[in-house]
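Residue numbers (the numbering used here): 228 to 351.
From the three backbone atoms N, C-alpha and C, an ideal C-beta is built for every residue, glycine too.
Contents: one structure, followed by commentary.
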Amino acid sequence: MRIHLKMTKFILAFAISSSLLSIARAQDTPNLRSACPLLTNNTLDLENTTISSAEIVEANSFRQPGRDSNLMTPAFCRVVGVTDPAINFEVWLPLDNWNGKYNGVGNGGGGGSYKLLCACECSE
228 MRIHLKMTKF
238 ILAFAISSSL
248 LSIARAQDTP
258 NLRSACPLLT
268 NNTLDLENTT
278 ISSAEIVEAN
288 SFRQPGRDSN
298 LMTPAFCRVV
308 GVTDPAINFE
318 VWLPLDNWNG
328 KYNGVGNGGG
338 GGSYKLLCAC
348 ECSE
């Protein structure tokens, strides 16, 4: 039962991430920059999902909590949300030169955190 619940959570988070990515892929780069902040206004009809924040993060300006220096990243739209029952997710949508590939990072839910450095390395 526990494995089934973990798998259901993973599939739900993946589906939401894929939905956000497909919307971003359909947008032109200038439109994604202007559309990013609007994602918090319930513009997406996602059942049992709340987008708590969506913001533009300029290139090389993101500071990982607990670190003294900024991560070397391209500019991106940072989308943070939660699904019911309490599945937190975060999606970074590149604003420029996105190759259309999806890269999920994390540790399978076993450690309570994920490595942002992995996401940055894959974006280069």
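Under the DSSP definition of a beta bridge, which residues are partnered with V306?
V306 is bridged to A281, V318.
Whether or not the region 273-287 and the region 295-302 are in contact is what I'm after, with contact meaning three or more pairs of Cβ atoms, one per stretch, closer than 8 Å; do they touch?
Enough Cβ pairs lie closer than 8 Å, so yes.
Residues of its chain near T267, where Cβ-Cβ distance is below 8 Å and the 5 sequence neighbours each way are ignored
These residues qualify, in order along the chain: I278, S279, S280, A281.
Would you decide whether G327 is buried or exposed? Buried here means 16 or more other CB atoms lie within 10 Å of its CB.
exposed
Ignore the nearest five residues each way along the sequence and tell me which others in D311's own chain have a CB closer than 7 Å to its CB.
N275
In angstroms, rounded to a whole number, what distance separates the CA positions of V306 and N330?
If I take the Cα positions, the gap works out to 15 Å.
Just how far apart, CA to CA, sit D272 and W325?
24 Å
To the nearest angstrom, how far is the alpha carbon of R294 from that of S261?
29 Å
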